[in-house]
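Down below is the structure, laid out as structure tokens.
Protein chains: 2
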Amino acid sequence: MTITRRTMLHRIGAVGGLTAVAGAMQSMGWFGVARAASLEEMPGDLGQGRSVVVLGAGIAGLVAAFELEQRGFDVTVIEARGRVGGKAWTVRDGDRIAMQGEQDQIAHFSEGLYFNAGPARLPSFHQGILGYAKRFGVPLEVEVNSSRSAYLVAKNGNKLRMRTAINDMRGHVSELLAKAVNQGALDSALSMDEKAKLLPFLKAYGDLQGDYAFKGTTRSGFRTGPGAGVSSFETANAPVPLADLLANEQLAMMGFEDNLYMQATMFQPVGGMDQISLGIERHLKKRAVLDAEVLRIRQLESGVEIAWIDKSSGAARIMRADYCVCTIPFPVLAGIEANFAAPVASAIASVVYEDSNKVAFEAPRFWERDQIYGGLTFVGGETSLIWYPSWGLHEDRGMIVGCYSSGEPGKAFARRPMAEQIAMARAAIDSVHPGHGADCSAPLVVNWRKIPYSLGPWPNWIPGVRNRGEHPMTDTPAFRLLNQPDGRIFFASAALSQTPGWQEGALQSAHATVAALVDQMRARALAEPRVRAAAA
Amino acid sequence: MTITRRTMLHRIGAVGGLTAVAGAMQSMGWFGVARAASLEEMPGDLGQGRSVVVLGAGIAGLVAAFELEQRGFDVTVIEARGRVGGKAWTVRDGDRIAMQGEQDQIAHFSEGLYFNAGPARLPSFHQGILGYAKRFGVPLEVEVNSSRSAYLVAKNGNKLRMRTAINDMRGHVSELLAKAVNQGALDSALSMDEKAKLLPFLKAYGDLQGDYAFKGTTRSGFRTGPGAGVSSFETANAPVPLADLLANEQLAMMGFEDNLYMQATMFQPVGGMDQISLGIERHLKKRAVLDAEVLRIRQLESGVEIAWIDKSSGAARIMRADYCVCTIPFPVLAGIEANFAAPVASAIASVVYEDSNKVAFEAPRFWERDQIYGGLTFVGGETSLIWYPSWGLHEDRGMIVGCYSSGEPGKAFARRPMAEQIAMARAAIDSVHPGHGADCSAPLVVNWRKIPYSLGPWPNWIPGVRNRGEHPMTDTPAFRLLNQPDGRIFFASAALSQTPGWQEGALQSAHATVAALVDQMRARALAEPRVRAAAA
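Protein sequence lines correspond, in order, to chains F and V. For the first sequence, the residue numbers in the UniProt record's numbering are 1 to 536. For the second sequence, the residue numbers in the UniProt record's numbering are 1 to 536.
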């Protein structure tokens with residue numbers, strides 16, 4: 001059947017050219033942007049004699065480059081920064097942070113400390129990126145995304161331990177539901193059997209007493225802890241009243257840990273998130289060209305031409321290739337001279353990027369004295385949360401993130417002077433850990449909107465609308481268009497995936513792009529036998 | 001005031017002797033078994049000229065020895081095994097497991113693998129044991145006690161992912177409670193304000209729709225996962241029906257992670273639990289005497305005399321000391337010749353120990369292909385659970401615990417022939433990970449009741465009764481009596497704490513014992529001025 005389809009496509013190509021073949025392939029389900037499953041089936045010499053220039057050495061660019069190289073393509077990666085990894089950026093002592101409109105910051109960290117300015121956690125189900133880490137021998141360690149010792153902090157400053165919020169609330173919910181069930185209020189919703197089983201479940205679920213009353217639980221912490229001998233037996237605190245729990249504006253954030261993207265077990269690379277990018281790049285046959293800022297992208301009759309400047313020497317360079325995989329963030333790409341098709345150019349210009357900010361400090365590990373080891377404290381507002389380090393346990397010093405915000409609060413935050421941002425992050429830490437704001441030194445601010453070559457963390461395809469998974473909705477005409485190649489130029493980016501804020505999205509987009517590029521190459525070979533002949 | 005009290009005690013001693021002084025001190029709250037808080041106040045030369053023999057080099061013995069040495073006592077630790085650590089036992093390749101009534105087992109593990117046969121996790125609030133790990137530079141890593149990818153397995157073999165059980169159940173509970181609230185069924189239990197805040201909370205808590213209906217949630221996993229481009233948008237599965245969830249006998253085990261002793265963040269020492277014991281022992285001035293089996297314990301007029309046998313040479317030894325700290329498990333101690341006071345001897349003989357079993361295998365890490373990284377799968381029955389390793393992520397092979405059971409099911413399990421225990425643990429793994437039971441090799445069985453020098457994992461002071469924290473109740477006359485010294489012999493053990501199953505309990509008991517020993521020494525000095533004079 002393959003032969004029949006090939007033969008037919010060949011005939012379509014002879015008559016109607018590439019577009020007709022592509023259309024026919026698409027209608028046969030043989031052409032598309034999401035062919036990742038077929039990567040394994042592609043022979044290693046598939047791309048022989050074909051060249052690809054990849055613009056950008058973030059995860060999307062590196063993954064595309066690696067997978068294309070593995071299939072025989074001659075790949076050149078061009079990266080504007082002096083490092084690979086893109087937003088998967090680990091800041092270490094001595095590193096410089098340049099932001100548009102701000103004074104440069106230099107990291108002054110104690111030995112061994114680092115700060116993941118971009119992505120900092122990997123969920124269990126992100127098997128693509130975990131798989132690359134495994135394949136390239138990048139050691140991972142557990143990232144503690146949820147600690148029962150962390151806090152939910154109300155606007156009025158009242159704070160609840162996560163364990164208290166979760167377990168006292170579950171106690172109240174269980175007590176109330178048991179009451180309703182026992183009153184017969186839910187008899188029409190529950191079968192006799194469900195009712196009979198639900199009640200003992202609720203007793204265990206909420207740690208209720210024999211009469212289904214919630215009188216407090218040691219799950220929320222001890223009033224008196226257990227000790228040796230008969231001096232101290234464990235007892236529970238009285239429950240926090242329901243009204244007091246509900247008054248905490250952050251209460252629902254207790255469920256953050258059950259967002260699928262945030263569920264245990266989560267990971268981080270040992271030593272910094274950039275270890276994954278470095279691991280992939282280390283396995284490229286041709287290493288990435290760094291400090292190479294793209295000036296112009298041109299589609300030619302039979303290939304692409306990229307003009308770039310070598311930032312270290314100032315020399316202008318031009319290179320040609322058969323195909324281009326462009327991973328440059330759209331706000332950056334919109335400023336680069338290019339002869340994209342008009343609808344593509346206007347789609348690129350239309351993409352709105354979000355704000356995202358992190359403010360990090362170095363500090364003595366005062367949070368450990370409060371029995372907090374990793375996890376998140378939710379404070380809301382423009383600084384949103386405090387993120388404790390999952391590594392370096394029991395060492396003298398560690399990194400604490402005093403702000404990680406995005407959305408509208410993040411936008412407002414990024415507009416503030418840097419000194420004010422630092423003061424707000426420090427104050428947030430101090431409000432949760434009184435007296436310790438002053439212990440936080442070596443502040444670093446990252447406002448992703450101001451970071452050159454990024455100009456934002458991720459797009460919001462439908463501004464203001466987020467889907468259930470906390471990720472921007474993506475299914476818009478511009479999103480669909482940019483997920484198609486413009487001739488020989490293919491766009492790849494986490495921005496073009498369903499999860500624009502995750503490295504896995506970048507990887508999925510890269511895989512899809514490799515598949516689409518191969519499809520187009522095959523279509524061209526069928527449509528233009530002379531190309532195939534020339535390449536043979 | 002101290003001087004007044006001292007003077008008074010001195011006078012009491014002159015008239016009534018040690019017992020009268022001790023009684024007076026106790027009534028002044030100056031004597032007892034729980035004086036851990038005062039350890040810091042004790043001067044470093046407090047015990048100068050006094051000797052203590054510590055029987056047993058588990059956590060209780062090592063901690064007591066270290067703290068006594070730090071206060072100037074001359075301490076000798078006598079340990080029957082060829083290693084320190086007691087039940088904090090890490091088995092490595094080549095190690096021999098001897099059990100009473102069973103053939104010896106030899107561990108045959110691949111390089112770097114180990115098995116914590118006893119305790120294997122440290123909760124955040126166990127600041128004593130964490131503090132020793134920090135003090136002695138024992139590196140810790142996160143122990144993943146709860147993974148949303150693990151399973152709850154019903155008797156009929158149906159299995160629920162932890163994420164599905166937790167989030168679908170929360171969805172149903174929220175929907176039902178919202179329904180009752182909206183019907184007004186709980187109007188007498190809720191204020192208007194509580195009602196107004198509870199409804200939106202429940203919507204977030206259960207991931208309900210606008211009409212408070214639960215239609216499934218991506219928190220429970222994807223029906224279709226998010227991808228690149230427009231090929232795949234994330235969608236949720238339909239919820240598991242409430243009746244199906246309630247039919248799973250293990251359903252309530254979803255709450256295991258909120259038992260305070262099991263809450264994130266939890267830790268394990270890098271390389272094995274014995275690293276903590278080894279770290280303490282390394283810091284003793286006089287290292288523990290190993291392979292020294294105690295034969296006889298005698299209280300003398302003015303000290304204690306211990307007879308023991310050097311197992312390596314067979315030579316009998318006798319040593320004397322001013323005091324003895326005895327950490328020998330009570331079922332073992334009951335078989336040792338001693339001149340304890342009659343009520344003490346009968347209390348020792350009366351202590352009933354529990355059963356606890358672990359069956360470990362080495363295997364290729366098939367669970368990682370199922371996106372399980374650490375955590376517990378609950379299967380119930382005699383094997384109880386499957387425990388996945390928190391370390392060695394992405395390596396070829398790892399240790400999997402196919403049974404960790406105690407209580408009545410554990411007792412029944414331990415009675416089975418070893419081959420049957422191994423077959424049952426393997427079958428449990430195979431039922432959850434079909435086809436992979438056969439991948440499990442190098443089985444090791446530990447039935448703690450059969451382990452020499454332990455004869456059980458922990459006591460059950462009131463057999464059959466467990467408290468809310470899942471720990472045996474401890475406040476019995478025997479427990480109280482053994483928490484008092486018998487003359488110059490002090491008992492210390494996790495068994496004498498409120499948490500007999502935890503190393504923290506052993507540490508707390510050791511601290512309390514050091515304080516009690518110091519109290520008695522002071523009382524003796526006051527009651528018998530000649531002793532003080534002789535020691536000066």
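No residue lacks a Cβ here, since even glycine has one placed at the ideal position from N, Cα and C. What you are looking at is a predicted structure, and each value in this text was computed from that prediction instead of being measured.
| Check | Outcome |
| --- | --- |
| Residue from F/Ile429, F/Ala427, F/Gly456 and F/Ala363 whose Cα sits closest to the Cα of F/Val332 | F/Gly456 |
| Interface positions of the region 373-398 of chain V facing chain F (Cβ-Cβ less than 8 Å), listed along the chain | Tyr373, Gly374, Gly375, Ser390, Leu393 and His394 |
| Cβ pair F/Glu234, F/Thr217 closer than 8 Å | no |
| Cβ of V/Ser232 within 8 Å of any chain F Cβ | yes |
| V/Val33, DSSP secondary structure in three states | The pLDDT assigned to V/Val33 is 39, lower than 50, so where the model puts this residue is not dependable; a value taken from the coordinates is nonetheless given after this. Looking at V/Val33 - three-state DSSP - the assignment turns out to be coil, as it is neither helix nor strand. |
| Local conformation of V/Ile280 per DSSP, three classes | helix |
| Amino acids of chain F, ordered along the chain, whose beta-carbon sits closer than 9 Å to that of V/Ile489 | Simply none; closest approach about 16 Å. |
| Any C-beta of chain V under 8 Å from that of F/Lys87 | no |
| Chain F contact residues for V/His511, given Cβ-Cβ distances below 8 Å | Ala228 |
| Beta carbon proximity, V/Thr218 to chain F, threshold 8 Å | yes |
| Within chain F, the residues that V/Ala185 reaches when beta carbons sit closer than 7 Å | Ala180, Gln183 and Ala185 |
| CB contact check: F/Val518 to chain V, cutoff 8 Å | no |
| Contact set between the region 250-265 of chain F and chain V, restricted to residues whose Cβ is under 7 Å from the partner | Leu251, Ala252, Gly255, Asp258, Asn259, Leu260, Gln263, Ala264 and Thr265 |
| Residues near V/Ser509 in its chain [Cβ-Cβ closer than 6 Å; skip 5 each side] | Ala60, Ala492, Ser493, Leu496 and Ser497 |
| V/Ile462: contacting residues in chain F (beta-carbon distance under 9 Å) | Going along chain F, no residue has its Cβ under 9 Å from V/Ile462, so there is no contact; the nearest lies around 13 Å. |
| Helix, strand or coil at F/Met266 [DSSP, three-state] | strand |
| 8 Å Cβ cutoff met for V/Val351 and V/Phe330 | yes |
| Whole-angstrom distance between V/Tyr453 and V/Ser356, CA atom to CA atom | 15 Å |
| Three-pair Cβ contact test at 8 Å for the region 473-489 of chain V versus the region 295-310 of chain V | yes |
| V/Glu420 classed as buried or exposed, judged by whether at least 16 other C-beta atoms fall within 10 angstroms | exposed |
| Nearest-angstrom beta carbon gap, F/Ala57 and F/Val77 [assumed within contact, 8 Å] | 5 Å |
| is_contact[F/Ile429, chain V] using C-beta, thresh 8 Å | no |
| Own chain partners of F/Leu517 with C-beta closer than 8 Å, once the 5 adjacent residues on each side are dropped | Val52, Leu68, Tyr323, Val325, Pro485 and Phe490 |
| Chain V residues whose Cβ lies nearer than 7 Å to that of F/Thr499 | Pro226 |
| Cβ pair V/Trp461, V/Thr476 closer than 8 Å | yes |
| C-alpha gap between V/Gly137 and V/Glu143, whole angstroms | 18 Å |
| The region 373-382 of chain V in contact with the region 257-276 of chain F per 3-pair CB rule at 8 Å | yes |
| Residue-level contact to chain F via CB, V/Phe201, 8 Å cutoff | yes |
| Start and end residues, alpha helix (DSSP H) containing F/Ala364 | Looking at the sequence provided, one finds Pro at residue 364 of chain F rather than Ala. Counting along the chain, F/Pro364 falls outside any alpha helix (DSSP H), though it belongs to the beta strand (DSSP E) covering Ser356 to Pro364. |
| Cβ neighbours of V/Phe109 in the same chain (closer than 7 Å, five flanking residues each side left out) | Arg92, Asp93, Glu362 and Ala442 |
| Amino acids of chain V, ordered along the chain, whose beta-carbon sits closer than 9 Å to that of F/Phe125 | Ser149, Gly221, Phe222, Gly225 and Gln371 |
| Contacts of V/Leu140 in chain F (Cβ-Cβ under 7 Å) | Leu393 and His394 |
| Residues from the region 147-174 of chain V in contact with chain F, defined by Cβ distance under 7 Å | Ser147, Arg148, Ser149, Arg163, Ile166, Asn167 and Val173 |
| Where V/Ile309 falls: helix, strand or coil (DSSP) | strand |
| Whole beta strand (DSSP E) elements within the region 94-148 of chain V, 3-residue minimum | 114-116 and 140-143 |
| Exposure label - V/Gln103; buried when at least 16 CB within 10 Å | exposed |
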